[in-house]
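Novice: Residue numbers (our numbering): 154 to 535. Here a beta-carbon is modelled for each residue, glycine too, at the ideal position from N, C-alpha and C. Please read all numbers here as calculations on a predicted model, not as lab measurements.
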Ligand SMILES: CC(=O)N[C@@H]1[C@@H](OP(=O)(O)OP(=O)(O)OC[C@H]2O[C@@H](n3ccc(=O)[nH]c3=O)[C@H](O)[C@@H]2O)O[C@H](CO)[C@@H](O)[C@@H]1O
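1. Let's see if you can read the secondary structure: which residues bound the alpha helix (DSSP H) around residue 494?
2. Give the straight-line distance between the Cα atoms of residue 227 and residue 257, rounded to the nearest whole angstrom.
3. Is there contact between the stretch 516-533 and the stretch 328-337, where contact requires at least three CB pairs shorter than 8 Å?
4. What does the alpha-carbon distance come out to for the pair residue 507 and residue 246?
5. Taking the alpha-carbon of residue 252 as reference, which of 428, 325, 304, 292 has the nearest alpha-carbon?
6. How about residue 429: is its Cβ closer than 7 Å to a heavy atom in ligand 1?
7. With a threshold of 7 Å on Cβ separation, who are the neighbours of residue 429 within its own chain once the five nearest residues in sequence on each side are excluded?
8. Select from 309, 267, 501 the residue whose C-alpha is nearest the C-alpha of residue 476.
9. Can you check the stretch 290-336 for any beta strand (DSSP E) of at least 3 residues that lies completely inside it and give the ranges in chain order?
10. Would you call the stretch 341-356 and the stretch 366-377 touching, i.e. three or more CB-CB distances under 8 Å?
11. Confirm, please, whether the CB-CB distance from residue 237 to residue 264 is below 8 Å.
12. Leaving out five residues before and five after residue 424 in sequence, what residues of the same chain have Cβ atoms less than 6 Å from its Cβ?
13. From the DSSP output, in three-state form, read off residue 268 for me.
14. So residue 183 is in the alpha helix (DSSP H); what residue range does that whole segment cover?
15. For ligand 1, is there any heavy atom lying closer than 7 Å to the beta carbon of residue 255?
16. When we look at the beta-carbon of residue 516 and count the other beta-carbons within 10 Å, is it buried (16 or more) or exposed?
17. Considering only heavy atoms of ligand 1, does any lie closer than 7 Å to the CB of residue 479?
18. How far does the beta strand (DSSP E) with residue 287 in it extend, from its first residue to its last?
19. On the CB-based measure, 16 or more other CB atoms within 10 Å of its CB, does residue 365 come out buried or exposed?
20. Since residue 433 contacts residue 280 with CB under 8 Å, what's their CB separation in whole angstroms?
21. Kindly indicate which residue of 185, 235, 501, 220 has the alpha-carbon position closest to the one of residue 169.
22. Name the DSSP beta bridge partners of residue 251, please?
23. So residue 365 is in the beta strand (DSSP E); what residue range does that whole segment cover?
24. With distances taken Cα to Cα, identify the nearest neighbour of residue 426 among 442, 404, 415, 269.
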């Protein structure tokens, strides 16, 4: 390991697909700045889906802890992260660590930094649902990280206010927009320049030509059990419409598969497929009429593409989309999912009101703002 002499070392860390999507623009912006020795450490809390994003972003991690194990419990995984990431810190000796969001990687990496008095910058800080069990365990993961971090990059004013209400010093909070929009705009530009980059969708688009596409994802832990069954029933009912096709890239989780496969597998106008590469998923959202999801990141992305989002969750820590009129929080009530989707499909005025391409989550400049704030705090010149 060689140190880029004289430059402060920043270690960027993440472990899951959504974190990688939201952090690769930050890594790029730090490198572009030129004043930092930039290193990347992945815990690989999710292996395959993470690797796909790393390949797309052209990032080769400097440290790969490869921690994923089958059926990992939250406590065993937490213990492995704090121990192994701590050892990596002792080798890497960064001047600052950047973490993202609300995973176990986020919280346990922050804790390992705290034990060594290494300052932590928290990207996507200040999201709160107000309920420590929904989403679980993410709400507490991000709260603990917020207590340790000395730089908080809040994607929106609402997130900054949540931090201020928890007595986080205002001068440590920067409202930057969400880096997911930086990633999305980069991905969309790449596909528009070169549509052959998203080949997986061609066959599906041909199969469903003339139909309106609903893009669906559902895999949140809070929805396991009855929530998943209720979502499946709604999709079965919607699939009876012959003007529709449903494309559902399904998370490889038994709690999802065991419900969705029997319900949807044999329906003609439903494609239950493997998770898509990021570029393909962006192309799918772009090609769809409405997005139905319980995902966090997708609630942020779809409005930038002008797609109404039906959020199949009881609470959201992303209320900005609902307030801006681009997302509807419908929960997992079967009838509510069916009725709201049908209303949008059948009522062009309601649809147009939601589809106004307006994102409350930023304009694609979040990473640049984050790097400027770090450079200012560390007194680093380009
Ligand atoms: C409580 C909560 O909301 N927590 C969130 C949740 O993240 P999420 O719900 O956003 O996660 P997903 O839905 O898995 O990912 C979404 C991303 O993946 C892309 N995508 C999707 C389908 C596909 O087939 N191919 C893809 O490429 C898509 O465009 C988007 O960018 O957990 C994270 C920690 O795990 C948290 O940090 C985050 O707050």
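Specialist: In short, the structure shows the following:
1. Working through the chain shown from its first residue, we reach residue 494 at position 341. Unbroken alpha helix (DSSP H) run through residue 494: 487-499.
2. By one-based count along the chain shown, residue 227 stands at place 74. By one-based count along the chain shown, residue 257 stands at place 104. Rounded to the nearest whole angstrom, the CA to CA distance from residue 227 to residue 257 is 8 Å.
3. Using a C-beta cut-off of 8 Å, the stretch 516-533 makes contact with the stretch 328-337, since at least three inter-stretch Cβ pairs fall below that distance.
4. By 1-based counting over the chain shown, the position of residue 507 is 354. By 1-based counting over the chain shown, the position of residue 246 is 93. If I take the Cα positions, the gap works out to 48 Å.
5. Here residue 252 refers to the residue found at position 99 of the chain shown. Taking only the C-alpha atoms, the option nearest residue 252 is 304.
6. In the chain shown, counting from the first residue as 1, residue 429 sits at position 276. Correct: residue 429 has its Cβ closer than 7 Å to ligand 1.
7. By 1-based counting over the chain shown, the position of residue 429 is 276. Here residue 429 has 353, 402, 437 as same chain residues with Cβ atoms under 7 Å from its own Cβ, once five neighbours each way along the sequence are excluded.
8. Here residue 476 refers to the residue found at position 323 when the chain shown is read from its first residue. The candidate whose alpha carbon is nearest that of residue 476 is 309.
9. DSSP assignment within the stretch 290-336 yields the following whole beta strand (DSSP E) runs of 3 residues or more, N-terminal first: 304-307, 326-328.
10. Taking a contact to require three or more Cβ pairs closer than 8 Å, the stretch 341-356 and the stretch 366-377 do not qualify as touching.
11. For the purposes of this step, residue 264 is taken as the residue at position 111 of the chain shown. For the purposes of this step, residue 237 is taken as the residue at position 84 of the chain shown. No; because the gap between Cβ atoms is not below 8 Å, this pair is not in contact.
12. Numbered from 1 along the chain shown, position 271 holds the residue referred to as residue 424. Result list for residue 424: 357, 400, in chain order.
13. Here residue 268 corresponds to residue number 115 of the chain shown, with the count starting at 1. Residue 268 falls in the helix class under three-state DSSP.
14. As a working mapping, residue 183 is identified with position 30 in the chain shown. Where residue 183 is concerned, the enclosing alpha helix (DSSP H) stretches over 170-186.
15. The sequence position of residue 255 within the chain shown is 102, counting from 1. For residue 255, the shortest C-beta to heavy atom distance toward ligand 1 is below 7 Å.
16. Within the chain shown, residue 516 is the residue found at index 363, counting from 1. By the Cβ-count criterion, residue 516 is exposed, with fewer than 16 other Cβ atoms from all chains shown falling within 10 Å of its own Cβ.
17. The count along the chain shown starts at 1 and reaches residue 479 at position 326. Distances taken from the Cβ of residue 479 to the heavy atoms of ligand 1 include none shorter than 7 Å.
18. On the chain shown, residue 287 is found 134 positions in, with the first residue counted as 1. Run containing residue 287: none; DSSP gives neither H nor E here.
19. On the chain shown, residue 365 is found 212 positions in, with the first residue counted as 1. Residue 365 should be labelled exposed.
20. Counting from 1 along the chain shown, the entry for residue 433 is found at position 280. Counting from 1 along the chain shown, the entry for residue 280 is found at position 127. Actually they are not in contact, since the Cβ atoms of residue 433 and residue 280 sit about 27 Å apart, beyond 8 Å.
21. Indexing the chain shown from 1 puts residue 169 at position 16. Ranked by Cα distance from residue 169, the options 185, 235, 501, 220 are led by 220.
22. Taking the first residue of the chain shown as position 1, residue 251 is located at position 98. When DSSP reads this structure, residue 251 sits in a beta bridge with 165, 274.
23. Translated into the one-based positions of the chain shown, residue 365 becomes position 212. From DSSP, the beta strand (DSSP E) with residue 365 extends over 365-370.
24. Position 273 of the chain shown holds residue 426. Residue nearest to residue 426 within the set 442, 404, 415, 269 is 404 (criterion: CA-CA distance).
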